[in-house]
Amino acid sequence: MLRTIIVDDEALSRKHFKHIAEQVGGMLLVGEAANVVEARELYERLQPEVIILDIRLPGTSGLDWSKELRELPCPPAVIFSSAYESHALEAFRSGGDGYLLKPVRPDLLRDALAKVSKGSRALRSGSVPNGERRFLTIKSRRGLTVLPIEDVRYFYADQKYVMAVTEEGERVLDEALRHLETEYSDALLRVHRNALVTIEHVMGLKRLGSGQYQVELQGIDGGPVVSRRHLSEVRKRLSSM
């Protein structure tokens, strides 16, 4: 159970969160606050693992306080909430671990908590070292949005674009493979000149009729093929898992 506090200046929003928390499970609601002054006191006293934080608050904003929290030796996970979808990108750039649009749906809160819990395990195991971005900026028809790094199964270069492959499909990234490989050296493995896989999601290697090997990944069919040049290193890394 994730020890959680809610910070929201609207009493109805806090009441709604408390109501759906009973449906969601996986979280233990230990306190609530209407502003950052109250929230600081709660945090120091209760040491929650998760803070559900409204972006617009009287006085110090949720975004500003989240930046303070990130400076702590062991910061809590911060899931932002807002009535405005336009706040999403700014929230993730401030180091948020999730974003919920009001009125919050129970299934989306459950998903956000699951990702926080999974991310915490990844940080403890060293697969996503602290200090790295947890979210990538992606291009979409609606402009720039964000993609949690743990959702990506693999990346591949397609001419002038880099694609991120998730269970839901492919997304276009404004990144270079070499930059991703450098930043996430412990979490990503190069299997081909044009492909990186997320080690956490690798299930194994499948031998193809051509004699080549294909990476099998959780949640998707048809992973990337391993090049002969990279096969030895791929086997070595996977055998040490």
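For the sequence shown, UniProt numbering begins at 1 and goes up steadily by one.
Where a beta carbon is used, it is the ideal one built from N, C-alpha and C, also for glycine.
Could you check where the alpha helix (DSSP H) with residue i kicks off and where it finishes?
| i | result |
| --- | --- |
| R178 | 177-183 |
| R228 | 228-239 |
Measure the Cβ-Cβ separation of residue i and residue j and say whether it is below 8 Å.
| i | j | result |
| --- | --- | --- |
| I55 | V116 | no |
| I20 | P76 | no |
| V7 | L46 | no |
| V172 | Y184 | no |
| E175 | L136 | yes |
| V197 | Y154 | yes |
| L147 | V202 | no |
| R195 | Y156 | Rather than Arg, the amino acid found at residue 195 in this sequence is Ala. Yes, the Cβ-Cβ distance between A195 and Y156 is below 8 Å. |
| V5 | A39 | Before going further, note that residue 5 is Ile rather than Val in the sequence given. It is a contact, given that the beta carbons lie within the stated cut-off. |
What are the start and end residues of the beta strand (DSSP E) that includes residue i?
| i | result |
| --- | --- |
| D170 | Inspection of the sequence shows that residue 170 is occupied by Glu rather than by Asp. First-last of the beta strand (DSSP E) with E170: 169-173. |
| A157 | 154-158 |
| Q214 | 213-217 |
| A187 | Element bounds for A187: n/a, residue is neither H nor E. |
| G204 | 202-207 |
| M163 | 161-166 |
Got a sec? Which residues, its chain only, sit under 6 Å from residue i by beta carbon, not counting five neighbours each side?
| i | result |
| --- | --- |
| R3 | L28, V30, P48, E49 |
| G96 | V78, F80 |
| H87 | I55 |
| M1 | L28 |
| Y99 | F80, A88, A91 |
| V24 | P106, L109, R110 |
| V226 | V191, Y213, V234 |
To the nearest angstrom, how far is the alpha carbon of residue i from that of residue j?
| i | j | result |
| --- | --- | --- |
| I199 | R110 | 25 Å |
| S66 | L42 | 15 Å |
| L57 | E85 | 16 Å |
| S177 | G223 | At residue 177 the sequence reads Leu, which differs from the Ser that was named. Rounded to whole angstroms, L177 to G223 spans 17 Å at the Cα level. |
| D64 | V37 | 12 Å |
| K167 | T60 | The sequence given here has Glu at residue 167, not Lys. Their backbone Cα atoms lie some 38 Å apart in a straight line. |
| L208 | S232 | 17 Å |
| F17 | E44 | 22 Å |
| C74 | E68 | 12 Å |
| M241 | R193 | 22 Å |
| D221 | A83 | 37 Å |
| A11 | K102 | 13 Å |
| E22 | D9 | 21 Å |
Excluding five sequence neighbours on each side, which residues of the same chain lie with their C-beta closer than 7 Å to the C-beta of residue i?
| i | result |
| --- | --- |
| K206 | Y213, Q214, E216 |
| D151 | T166 |
| L189 | L196, V197, I199, V234, R237 |
| S125 | Low confidence applies here, because S125 scores a pLDDT of 41, under 50, leaving its location unreliable and the question unanswered by this model. |
| E181 | L188, R190, L196 |
| A112 | I79, G98, L100 |
Looking only at its own chain, which residues have a Cβ that is under 8 Å from the Cβ of residue i, when we skip the five neighbours before and after it?
| i | result |
| --- | --- |
| R235 | L205 |
Practice problem: Run through the UniProt domain "Response regulatory" (3-117) for me and flag every whole alpha helix (DSSP H) of 4 or more residues, listed as ranges in chain order. | Solution: DSSP runs (the alpha helix (DSSP H)) wholly in the UniProt domain "Response regulatory" (3-117): 11-24, 36-46, 62-70, 88-93.
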